[in-house]
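Peer 1: Here the sequence shown stands for residues 93 to 319, numbered as in the numbering used here. Glycine included, each C-beta is placed from N, C-alpha and C at the ideal position. These numbers come from a predicted model, not from an experiment.
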Amino acid sequence: MYSLFRRTLVFGLAVTCALGLSTGARAVENQDFDQEAFQKQMEAASQEMAAAFAALGQGLAQVAGAPQAGTPVQTVGISELKSVLPESFGAYKKTSSSGDRNSAMNIRSTVVQAVYESPDGKQINAEVTDIGTFRGMGAYAAGMMQNWDSESETDDSYEKTVAWKDRKAREEYNRSSKYGNFQTTAGNGRFWVEFSGEVENVQDFHQGMDAVNISQLDQWENYGLEQ
Numbered sequence: 093m094y095s096l097f098r099r100t101l102v103f104g105l106a107v108t109c110a111l112g113l114s115t116g117a118r119a120v121e122n123q124d125f126d127q128e129a130f131q132k133q134m135e136a137a138s139q140e141m142a143a144a145f146a147a148l149g150q151g152l153a154q155v156a157g158a159p160q161a162g163t164p165v166q167t168v169g170i171s172e173l174k175s176v177l178p179e180s181f182g183a184y185k186k187t188s189s190s191g192d193r194n195s196a197m198n199i200r201s202t203v204v205q206a207v208y209e210s211p212d213g214k215q216i217n218a219e220v221t222d223i224g225t226f227r228g229m230g231a232y233a234a235g236m237m238q239n240w241d242s243e244s245e246t247d248d249s250y251e252k253t254v255a256w257k258d259r260k261a262r263e264e265y266n267r268s269s270k271y272g273n274f275q276t277t278a279g280n281g282r283f284w285v286e287f288s289g290e291v292e293n294v295q296d297f298h299q300g301m302d303a304v305n306i307s308q309l310d311q312w313e314n315y316g317l318e319q
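(1) So, do the segment 176-184 and the segment 303-312 have three or more beta carbon pairs nearer to each other than 8 Å?
(2) Let me make sure I understand the geometry here. Which of N198, T221 and R200 has the alpha-carbon closest to that of A278?
(3) Does the beta-carbon distance from Q275 to V285 come in below 8 Å?
(4) Applying the 10 Å Cβ sphere with the 16-neighbour rule, what's the burial state of E292?
(5) For W312, count neighbouring C-beta atoms within 10 Å of its own C-beta (all shown protein chains included) and say buried if the count is 16 or more, exposed if not.
(6) Would Q308 and V176 qualify as a contact pair, given that the criterion is a beta-carbon distance under 8 Å?
(7) From the DSSP output, which residues share a beta bridge with Q275?
(8) In whole angstroms, give me the CA-to-CA distance for G272 and G289.
(9) Exposed or buried, what is N239 when buried is set at 16 or more other beta-carbons lying within 10 Å of its beta-carbon?
(10) What do you get for N280, buried or exposed, if any count of 16 or more other CB atoms within 10 angstroms of its CB means buried?
(11) Given this structure, state the Cα-to-Cα distance separating R262 from K252, to the nearest angstrom.
(12) Tell me the residue span of the alpha helix (DSSP H) that contains S307.
(13) Check this for me: beta carbons of V165 and G213, under 8 Å apart or not?
(14) For S190, collect the residues of the same chain with a Cβ closer than 6 Å to its Cβ; drop the 5 residues on either side in sequence, then sort them by chain order.
(15) Would the C-beta of E251 count as close to the ligand MN, meaning under 7 Å from any of its heavy atoms?
(16) In the structure shown, what three-state DSSP assignment does T167 receive?
(17) Within the continuous alpha helix (DSSP H) that includes D296, where are the two ends?
(18) Relative to the C-alpha of D247, which residue among P211, R267 and M229 is closest?
(19) Between Y250, T187, S201 and R200, which lies nearest to Y208 when the distance is taken from Cα to Cα?
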């Protein structure tokens, strides 16, 4: 499933990768090409890519009304981000969890996952992402989600925008495979929360989302902003 944020991110990647590729091509075409010159040009390309990401995120955030969009940010740590996920919900109990925190070319993000299992062996996966550097794009995508209602359906599947607490969420489900997902945003689009798996009833996802400390994520909207 391509969420609004993923589509926005794909666009950003296309723009910035094009910058990097054009710089690399210029180096290869240069008749005086050497290793040192190539390395310098690739370093310059990396700086151009980081600047392009920042500019794109800032522009989209301004459209969405996000504050301090162009300010560098440190993402939430793995342990802290894990803490917003519940130990259990409904019949499901957490069996494992993991996380990654990455920073490259001033692009920062943190992702944590947890697996929940029911007594009959069914599993639900939960994921929380602090998109960090991309929070401007996230604010834009989240703004679209909150102001855009859509629904589509086939003979055995559907996807639709639904109301969840004080915000909108996206729900998808395939009746044949029993696979679905449920996702929403927090912190003005900086955090993306998703539950997915094979379930008999999508309300299992809703129970999981209800148990997430969403208010904490909202409070972390400006976490780690570097002044």
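Peer 2: According to the data block:
(1) The segment 176-184 and the segment 303-312 touch, with no fewer than 3 CB-CB distances between them shorter than 8 Å.
(2) Here residue 278 is taken as the residue at index 186 of the sequence shown, counted from 1. The option with the nearest alpha carbon to A278 is T221.
(3) Position 183 of the sequence shown, counted from the first residue, corresponds to residue 275. Position 193 of the sequence shown, counted from the first residue, corresponds to residue 285. Cβ atoms of Q275 and V285: closer than 8 Å.
(4) One-based indexing of the sequence shown puts residue 292 at position 200. Its Cβ having fewer than 16 others within 10 Å, E292 is exposed.
(5) On the sequence shown, residue 312 is found 220 positions in, with the first residue counted as 1. Burial check for W312: the Cβ neighbour count within 10 Å reaches 16 or more, so the residue is buried.
(6) By one-based count along the sequence shown, residue 308 stands at place 216. By one-based count along the sequence shown, residue 176 stands at place 84. The answer is yes: Cβ separation under 8 Å.
(7) Taking the first residue of the sequence shown as position 1, residue 275 is located at position 183. Per DSSP, R262 and E286.
(8) In the sequence shown, residue 272 corresponds to position 180, counting from 1. In the sequence shown, residue 289 corresponds to position 197, counting from 1. Here the alpha carbon of G272 sits roughly 6 Å from the alpha carbon of G289.
(9) As a working note, residue 239 is residue 147 in the sequence shown. Under this definition N239 is an exposed residue.
(10) Taking the first residue of the sequence shown as position 1, residue 280 is located at position 188. So N280 ends up on the buried side.
(11) In the sequence shown, the residue the question calls residue 262 occupies position 170. In the sequence shown, the residue the question calls residue 252 occupies position 160. Cα to Cα, the separation comes out at about 6 Å.
(12) Numbered from 1 along the sequence shown, position 215 holds the residue referred to as residue 307. Segment I306 to Q311, the alpha helix (DSSP H) holding S307.
(13) Taking the sequence shown and counting its residues from 1, one reaches residue 165 at position 73. Taking the sequence shown and counting its residues from 1, one reaches residue 213 at position 121. No. Outside cutoff.
(14) The residue labelled residue 190 in the question sits at position 98 within the sequence shown. Excluding sequence neighbours, S190 sits near Q205.
(15) With respect to small molecules bound, the structure shown includes none, and the ligand MN cannot be examined in it.
(16) Residue 167 sits at position 75 when you count from the first residue of the sequence shown. The answer is coil: DSSP assigns T167 none of H, G, I, E or B.
(17) If you number the sequence shown from 1, residue 296 lands on position 204. Its alpha helix (DSSP H) spans residues Q295 to A303.
(18) For the purposes of this step, residue 247 is taken as residue 155 along the sequence shown, with counting starting at 1. Cα-wise, what sits closest to D247 is R267.
(19) Counting from 1 along the sequence shown, the entry for residue 208 is found at position 116. Looking at the Cα atoms, T187 is the closest of the given residues.
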